[in-house]
Structure formats: C-alpha cells, structure tokens
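Visitor: This is the structure I have questions about; it appears just below.
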Amino acid sequence: MDTDCRHTLRLPRALHQGLIADKEMEQMAHFLSELAMVHYGVAVMFCPSLIATSAVYAARCTLVKTPTWDATLQFYTGISEAQLLGCAKLLVSFHSTAANADNKLKVVYRRYSNLETAAVALLSPAKSLTFAPNTC
1 MDTDCRHTLR LPRALHQGLI ADKEMEQMAH FLSELAMVHY GVAVMFCPSL IATSAVYAAR
61 CTLVKTPTWD ATLQFYTGIS EAQLLGCAKL LVSFHSTAAN ADNKLKVVYR RYSNLETAAV
121 ALLSPAKSLT FAPNTC
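Position one of the sequence shown corresponds to residue 1 (the UniProt record's numbering), numbered consecutively onward.
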C-alpha cells in the first residue's frame, strides 16, 4: 500500500479551485471524514490524504455529482478512482450505520443532522458504494 502522504498538500488547492463548489458538498465531505476519524482502524489503515480524497469522492457519489471522478480531480489529488474505492465504500458503510449506532458515530451523525451543516447526515448514503450483502 502506498503510504506516501504528499497528496495532502494538493487537496486544499483543489478545494480552492472550485472542485467543492457548494456548502452541501463541503459538509458531506466533512461528515464522511469525521466518521472515519472516530475509527482508529481506518486512521491506521489509510493515509490521511486518501481518507480526505475518498470523502470527497463518496460525497460526490452521495450527492449524485457527475462525473463522480475525472481527470481534473485525479490531477489535483494524485489519486485515481481505483485507489480510493475501498476507503470510499468504508466511509459510506459508516454513513449507513451511523443513525442507529450506540457509539461515536451517532455523535457525528447528530452534529451533521442540523441546518447549520446542511443536514447531510439525513441524506441517503450512496447506493453505488454500498457493499453488496453476502448471498449463499
């Protein structure tokens, strides 16, 4: 796994270039990032820049922004869609379970359920990134 975190410096530049153009998109990316941060395993498994980039990708999928990932996003982040899919799916799974959680996920969910944060936690998680249930 690539643990080089040099991409962290590129993400803020990408944000200022207008890649995250609206409050709802920004709040959704923050919400998903915070869900990741309450899980020690995620923080250890993935580089911070990959978590941030995956949060942007998952937010774009949740808010049905098209394209979900393109050459411009890849250029500014240095991360391809294939590289961030696993982390993005994990973030969406946290979003799916946050409302019913008995832990820190619920605290983050509540924080992002009000109008100040565009109530992004109340939106349906990205269907395109949900894990398929095992069928036997």
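Glycine is no exception: its CB is placed at the ideal position from the N, C-alpha and C atoms.
(1) What do you reckon, are the CB atoms on A126 and K23 nearer than 8 Å?
(2) Suppose the cutoff is 6 Å on Cβ atoms and the five residues either side in sequence are ignored; what does the same chain contact list for V56 look like?
(3) Alpha carbon to alpha carbon, how far is A99 from L105?
(4) Can you grab the Cα-Cα spacing for the pair I51 / C87, in whole Å?
(5) Give me, in chain order, the residues of the same chain whose beta-carbon lies closer than 7 Å to that of H95; leave out the 5 immediate sequence neighbours on both sides.
(6) Cα-Cα, which of S80, V64, L63, K65 is closest to A71?
(7) If we count the other Cβ atoms within 10 Å of its Cβ and call it buried at 16 or more, is V120 buried or exposed?
(8) How many whole angstroms separate the CB atoms of A58 and L123, which I take to be in contact at a CB cut-off of 8 Å?
(9) As a quick exercise: from K65, L91, W69, pick the residue whose alpha carbon is nearest that of G41.
(10) Of the choices E116, S113, N103, L84, whose alpha-carbon is the least far from that of H39?
(11) Helix, strand or coil for S124, going by three-state DSSP, please let me know.
(12) List the endpoints of the continuous alpha helix (DSSP H) containing V42.
(13) For the segment 56-105, which segments carrying the alpha helix (DSSP H) assignment without a break, of at least 4 residues, lie completely within its bounds, in sequence order?
Guide: In short, the structure shows the following:
(1) Their beta carbons are not under 8 Å apart, which means A126 does not touch K23 by this criterion.
(2) Once the five neighbours on either side are set aside, the close Cβ partners of V56 are A29.
(3) Taking the straight line from one Cα to the other gives about 8 Å.
(4) Straight across, the Cα-Cα distance linking I51 with C87 is about 7 Å.
(5) Here the set comprises L32, L35, P125.
(6) Minimum Cα distance to A71 is reached at S80.
(7) Buried, because 16 or more other Cβ atoms sit within 10 Å of the Cβ of V120.
(8) Contact flag wrong, Cβ pair sits at about 12 Å.
(9) Distance from the Cα of G41 is smallest, within the candidate group K65, L91, W69, for L91.
(10) Minimum Cα-Cα distance from H39 among the listed residues E116, S113, N103, L84 corresponds to N103.
(11) S124 falls in the coil class under three-state DSSP.
(12) Per DSSP, the continuous alpha helix (DSSP H) segment holding V42 begins and ends at 40-45.
(13) Taken in chain order, the complete alpha helix (DSSP H) segments of 4 or more residues contained in the segment 56-105 are 71-77, 81-98.
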